[in-house]
Structure formats: C-alpha cells, structure tokens
Amino acid sequence: MLKRLLWISFFSYMLIAFTLVIIGAMLPEILLHYNQNYSNGGLLIFGQFVGFLFGVLSMPILVRKLGRKNVVLLGLIMISVELFSFFLPTWYFLFPLVGLAGFGAGLAESCIGTIILVTFQEKQASAMGKLEVAFGLGALFMPLFSSILISKGIWEYAFLILGLSSFLVMVGWKVLSFGEVDEFLIKNTNVNTPVNKTTSSYTKKTFLIITFSAIYFFCYGGSEVSIVHFLPSLFMEEWEVPNSLSTLTVTVYWTAMVIGRALTGVISEKLTYNKFLLSINIGGLVVLILLAISGNVWLGFFLCFFLGLFMAAMFAIALIITNLYFPGQTEKTTSILLATNGLGGSLIPIIIGQSMDKYPVQITFWLFACIMLLMLILTIGIQVLGNTHLSVIREHENNHKI
Numbered sequence: 006m007l008k009r010l011l012w013i014s015f016f017s018y019m020l021i022a023f024t025l026v027i028i029g030a031m032l033p034e035i036l037l038h039y040n041q042n043y044s045n046g047g048l049l050i051f052g053q054f055v056g057f058l059f060g061v062l063s064m065p066i067l068v069r070k071l072g073r074k075n076v077v078l079l080g081l082i083m084i085s086v087e088l089f090s091f092f093l094p095t096w097y098f099l100f101p102l103v104g105l106a107g108f109g110a111g112l113a114e115s116c117i118g119t120i121i122l123v124t125f126q127e128k129q130a131s132a133m134g135k136l137e138v139a140f141g142l143g144a145l146f147m148p149l150f151s152s153i154l155i156s157k158g159i160w161e162y163a164f165l166i167l168g169l170s171s172f173l174v175m176v177g178w179k180v181l182s183f184g185e186v187d188e189f190l191i192k193n194t195n196v197n198t199p200v201n202k203t204t205s206s207y208t209k210k211t212f213l214i215i216t217f218s219a220i221y222f223f224c225y226g227g228s229e230v231s232i233v234h235f236l237p238s239l240f241m242e243e244w245e246v247p248n249s250l251s252t253l254t255v256t257v258y259w260t261a262m263v264i265g266r267a268l269t270g271v272i273s274e275k276l277t278y279n280k281f282l283l284s285i286n287i288g289g290l291v292v293l294i295l296l297a298i299s300g301n302v303w304l305g306f307f308l309c310f311f312l313g314l315f316m317a318a319m320f321a322i323a324l325i326i327t328n329l330y331f332p333g334q335t336e337k338t339t340s341i342l343l344a345t346n347g348l349g350g351s352l353i354p355i356i357i358g359q360s361m362d363k364y365p366v367q368i369t370f371w372l373f374a375c376i377m378l379l380m381l382i383l384t385i386g387i388q389v390l391g392n393t394h395l396s397v398i399r400e401h402e403n404n405h406k407i
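6 is the number of the first residue of the sequence shown in the working numbering; add one for each residue after it.
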C-alpha cells in the first residue's frame, strides 16, 4: 500500500512540475497570440508564483480543517482548472487561471511532501529522492513536449493535456486505498507525543534553526531557478557559443539532477544526512568556483553536469534534516521552507539578471559561488544548533520515561 502511495505521489509531483514550467515553456507563443510584451509575460509568471506561495502557506491551515487527502484533492482540482486556458480566453482571464493553478500546485506539493516524510520515516531520503526525480523529469521533459506541440501549431493543447492529466490523478487519489495510511490521510491525526508537544514547537532557542533553514531554502530556490534561466546566456557571453549549443547546458544540468536524485536514497544509506548535505554543499561550491575561473567551454559543460549532481539532493536532505529537529511539526515546517524556497526563486533571479546587465560574466559566476558559500555556512550552523536541540529532546524523553 505504501508503494501505491509513493507511485501516485510520483505522478503528482511530475504534474506539479509541468504546472510550474508550462507558462515559461509556452510564453513566446502566448505573448504572440495575445500580442503582449515580455513585461506582461513576467507579470503572468509572477501571478503563478503568488498563487504558489499562498498555496504553500495555506496548506497547514487547510489540513487542520479538511484533512491531508482532501487538501491534495483540492490542489489537483485547482491545477485541472488550467485546462480552460486551452480555449484561449481573454488575456486578463488567464491571470486567475494561472494563479489558481499555482495555488493548487503549492497546496499539492507541500502536502504530498509532508505525507511522504511522515509515512516513510525509515526511508525518508529514498522516498523524497523519488519525488524529486519525478519533479526533475517533469521539468526536463515539459519543454521538449512543448516544442513538439509548438512545431505542430497546437501549443494550446498542452493546457488541455495538463488539466485532464491532473483530473485523472485526482481521481486516483480519491478512489485508491492506501491501507493503514488512510486514517492519517483522511483524518488530521496528531502525530505528536507528549514530549514532542513541549519540544517541537518554535521557541526562542530553536528560532535560529528554522531561520537558518529558511535562508538556506531561499538561497537554494533562487540558485536553482537562476541557473536554469541564465546558464545558457552565461555560456553565450563567456565563451561565445551559439544559442543552439548553449541551451544544452540546461539539459545537461537537469539530466544530472535527475540522476543525482535517483541516487539520493542509496548514498544517504552510506552516509548520515548531515555528512551528505555538508559534502554536496562543498562539492557545489568547488564546482561554481571552477566555473568562474574556467577558460574552456567543454570543461564548462562537464562542470554543469557535476553542479547538477551536487545540487540534486540538497532540497530533499535539507528538508528531512530540518523536520527531524522539529518532530510533530512537519506540516508547518515544510510549509515555511517551501514558501521561502519559492520566494528565493522569484527574487534572486532579479539580482542575477542585474548582475549580468552591469558586470562581466565572471562576476555572476562568483555571485553564484558566494550564495553557495552562504549555504555551506548555514548548513554548518543548522547542524551545530540542531544537534544541541536534539540533545535537549532526548533529555526530555528520558525524563518523560522516568
């Protein structure tokens, strides 16, 4: 039954990735059809992000009122509504459709992530790694799928396919049974123990842990989105490669991300979560420094692959580690971290874009390296503070047993 839950979560995450990248993939065709400029296109993408952010932040509240399964169903229904974009409504009607889809994606992603973290306690890294693989596959293949539809002149069918697929997955969530997990999904059962109730909430002593983690996710979200959007331009500016070749950097990066996420569970069984996160942050920093000083385009492609490998597990492992420090607060913690991840994904690209406009390309590479250095420092800080917090929890547990 847990395998069934993991599989439907896998397909759900792939759909969520489709939802979050479909506007970007179709933007040139959308702007051409509606006779709009890129500034207005940016507003459309921002509208989707605002919806996503509100969806993530609303998840804990809605879970308390509706239960986890109903929140997932609600999120998928909202994504399904985007199928009305297939009929090419007026430009201003696109905004609520895209915003609702973003809200649904935020609800579904954060709630499903929470469900997997709680139900796969013994194999969290492996399970979350599979979800991240699904997200990576969705982000990797959606642009390719879109290009096929665009070449055939039927780009609007992407919205119809997304909406119908989301509806079918929603039906799967509705009718399938997941065995002993059903009660957890339907009812908002409280997983807190008496000890957790007194040690898992955010206090003055633990405020720094959640703050450091939130900043870490802000930096990660911003770095990932910026790399995907600006890497081709960086290669064109630095090594004067043609556009057709520079776009391959994103394919190389996402391919490595998918491979790395598929290996997350295996590697995490060999190392502790803390050592794993520390290692990949160091690796990411080294790769970005080498990119900044590299003078060879083919070495640049090689480094892009390793950058994807090192960044692949950062999201999942950091999410698991932070939740371990706050037992019984999974919904709230996951919501905060996903929200800051999305916020970083919207704000840091603005900084990167301004850097590319005003300074040489090497400065942008060094800016990425500085962000990764900050993430490494935050990782060390989280682990030091978190280990102290865990020792307090164990002391409470021993006193409770006595």
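Even glycine gets a Cβ: it sits at the ideal position worked out from N, Cα and C.
Legend entry - the stretch 174-189 contacting the stretch 52-69, beta-carbon criterion three pairs below 8 Å: no
Legend entry - Straight-line Cα distance separating L62 from I121: Mapped onto the sequence shown, residue 121 falls at position 116. Mapped onto the sequence shown, residue 62 falls at position 57. Distance from the CA of I121 to the CA of L62, rounded to the nearest whole angstrom, comes to 18 Å.
Inset, instruction - Determine the contact status of Y221 and T384, defining contact as a CB-CB distance below 8 Å. - result: As a working mapping, residue 221 is identified with position 216 in the sequence shown. As a working mapping, residue 384 is identified with position 379 in the sequence shown. Cβ atoms of Y221 and T384: closer than 8 Å.
Inset, instruction - Would you tell me roughly how many angstroms separate the C-alpha atoms of M64 and S17, rounded to the nearest one? - result: One-based indexing of the sequence shown puts residue 64 at position 59. One-based indexing of the sequence shown puts residue 17 at position 12. Approximately 16 Å between the Cα atoms of the pair.
Legend entry - F189 in three-state terms, based on DSSP: Numbered from its first residue, the sequence shown carries residue 189 at position 184. In this structure, F189 counts as helix in the three-state DSSP scheme.
Inset, instruction - Label F164 either buried or exposed according to how many other C-beta atoms from any shown protein chain fall within 10 Å of its C-beta, with 16 as the threshold for buried. - result: In the sequence shown, the residue the question calls residue 164 occupies position 159. F164 is buried by the Cβ-count criterion.
Inset, instruction - Taking only the alpha-carbon atoms, compute the straight-line gap between Y97 and T393 and give it to the nearest angstrom. - result: Counted from its first residue, the sequence shown places residue 97 at position 92. Counted from its first residue, the sequence shown places residue 393 at position 388. For Y97 and T393, the distance between alpha carbons rounds to 52 Å.
Legend entry - CB contact flag (G29, G60, <8 Å): Within the sequence shown, residue 29 is the residue found at index 24, counting from 1. Within the sequence shown, residue 60 is the residue found at index 55, counting from 1. No, these two residues do not count as a Cβ contact at 8 Å.
Inset, instruction - Compute the Euclidean distance between the alpha carbons of V291 and W12, then round it to the nearest angstrom. - result: In the sequence shown, the residue the question calls residue 291 occupies position 286. In the sequence shown, the residue the question calls residue 12 occupies position 7. Spanning the two alpha carbons is a distance of roughly 35 Å.
Inset, instruction - Count the other CB atoms, across all protein chains shown, that sit within 10 Å of the CB of N248; report buried if there are 16 or more and exposed otherwise. - result: The residue you call residue 248 lines up with position 243 of the sequence shown. By the neighbour-count rule (16 or more Cβ atoms within 10 Å), N248 is not buried but exposed.
Inset, instruction - Report the option in T369, A344 and I387 whose CA atom is closest to the CA atom of G111. - result: Translated into the one-based positions of the sequence shown, residue 111 becomes position 106. Nearest option by C-alpha distance: A344.
Inset, instruction - Can you say whether G158 is buried or exposed, counting buried as having 16 or more other CB atoms within 10 angstroms of its CB? - result: Along the sequence shown, one-based indexing puts residue 158 at 153. Its Cβ having fewer than 16 others within 10 Å, G158 is exposed.
Legend entry - Anticipated Cβ contact below 8 Å, I410 with G391, distance rounded: Outside the displayed span of the chain (6 to 407) sits residue 410, for which this structure offers no information.
Legend entry - Complete runs of the alpha helix (DSSP H) confined to the stretch 261-345 [at least 4 residues]: 278-298, 302-316 and 319-330
Legend entry - Which listed residue (Y364, G349, I376 and L7) has its alpha carbon closest to that of G227: Looking up residue 227 in the sequence shown gives position 222. Considering only alpha carbons, the answer is G349.
Legend entry - Length-filtered (4 minimum) alpha helix (DSSP H) runs lying within the stretch 84-111: none
Inset, instruction - Specify the secondary structure class of P65 as computed by DSSP and reduced to three states. - result: Translated into the one-based positions of the sequence shown, residue 65 becomes position 60. In this structure, P65 counts as helix in the three-state DSSP scheme.
Inset, instruction - Indicate whether the contact test is met: 3 or more Cβ pairs, each with one atom in the stretch 252-263 and one in the stretch 299-309, closer than 8 Å. - result: yes
Inset, instruction - Indicate the three-state DSSP secondary structure (helix, strand or coil) for K202 in the structure shown. - result: Counting from 1 along the sequence shown, the entry for residue 202 is found at position 197. Interpretation of K202 is limited by its pLDDT of 47, a score under 50 that renders its predicted location unreliable; no figure is taken from the coordinates.
Legend entry - P94, buried or exposed, once every other Cβ within 10 Å from all chains shown has been counted against 16: As a first step, residue 94 must be located in the sequence shown, where it is residue number 89. It is exposed - the Cβ of P94 has fewer than 16 other Cβ atoms within 10 Å.
Inset, instruction - Measure the CB-CB distance between R69 and C116 and report whether it falls below 8 Å. - result: As a first step, residue 69 must be located in the sequence shown, where it is residue number 64. As a first step, residue 116 must be located in the sequence shown, where it is residue number 111. Going by C-beta atoms, R69 is not nearer than 8 Å to C116.
Legend entry - CA nearest to the CA of S284, picked from I382, N40 and L105: Stepping through the sequence shown from its first residue, residue 284 is reached at position 279. S284 has its Cα closest to that of I382, out of I382, N40 and L105.
Inset, instruction - Count the other CB atoms, across all protein chains shown, that sit within 10 Å of the CB of E229; report buried if there are 16 or more and exposed otherwise. - result: The residue given as residue 229 occupies position 224 in the sequence shown. Per the 10 Å Cβ criterion, buried.
Inset, instruction - Starting from the Cα of L149, find the closest Cα among T252, L67 and P101 and give me that residue. - result: Position 144 of the sequence shown holds residue 149. Checked all of T252, L67 and P101; the closest Cα to L149 is T252.
Legend entry - Rounded distance between the beta-carbons of G358 and G313, thought under 8 Å: As a first step, residue 313 must be located in the sequence shown, where it is residue number 308. As a first step, residue 358 must be located in the sequence shown, where it is residue number 353. At roughly 21 Å, the Cβ-Cβ gap does not stay under 8 Å, so G313 and G358 are not in contact.
Legend entry - Neighbour-count burial assignment, C375, 16 or more Cβ in a 10 Å radius: Against the sequence shown, residue 375 aligns to sequence position 370. C375 comes out exposed.
Inset, instruction - With DSSP collapsed to three states, give me the class of G72. - result: By one-based count along the sequence shown, residue 72 stands at place 67. The answer is coil: DSSP assigns G72 none of H, G, I, E or B.
Legend entry - Start and end residues, alpha helix (DSSP H) containing S218: By 1-based counting over the sequence shown, the position of residue 218 is 213. Segment F212 to W244, the alpha helix (DSSP H) holding S218.
Inset, instruction - Throw me the rounded Cβ distance for the P354 and S231 pair, which I believe falls under 8 Å. - result: Walking along the sequence shown from the start, residue 354 turns up at place 349. Walking along the sequence shown from the start, residue 231 turns up at place 226. At roughly 5 Å, the Cβ-Cβ gap stays under 8 Å, so P354 and S231 are in contact.
Inset, instruction - To the nearest angstrom, report how far apart F212 and S360 are at their CA atoms. - result: Looking up residue 212 in the sequence shown gives position 207. Looking up residue 360 in the sequence shown gives position 355. About 32 Å.
Legend entry - Residue nearest to L190 in terms of C-alpha spacing, selected from V103, L71 and A139: Taking the sequence shown and counting its residues from 1, one reaches residue 190 at position 185. The residue with the shortest Cα to Cα distance from L190 is L71.
Legend entry - Closest residue to M241 among W303, S152, N40 and E274 (Cα-Cα distance): Walking along the sequence shown from the start, residue 241 turns up at place 236. Nearest C-alpha to M241: W303.
Inset, instruction - Excluding the 5 residues preceding and the 5 following F92 in the sequence, name in chain order all residues of the same chain whose CB lies nearer than 7 Å to its CB. - result: Here the question's residue 92 lines up with position 87 in the sequence shown. Result list for F92: empty, nothing under 7 Å.
Legend entry - DSSP state of I114 mapped onto helix, strand, coil: Within the sequence shown, the letter at position 109 stands for residue 114. Here residue 114 turns out to be Glu, not Ile, going by the sequence shown. Note: E114 maps to helix in three-state DSSP.
Inset, instruction - Indicate the three-state DSSP secondary structure (helix, strand or coil) for F125 in the structure shown. - result: The sequence position of residue 125 within the sequence shown is 120, counting from 1. In the structure shown, F125 sits in coil (DSSP, three-state: anything other than H, G, I, E or B).
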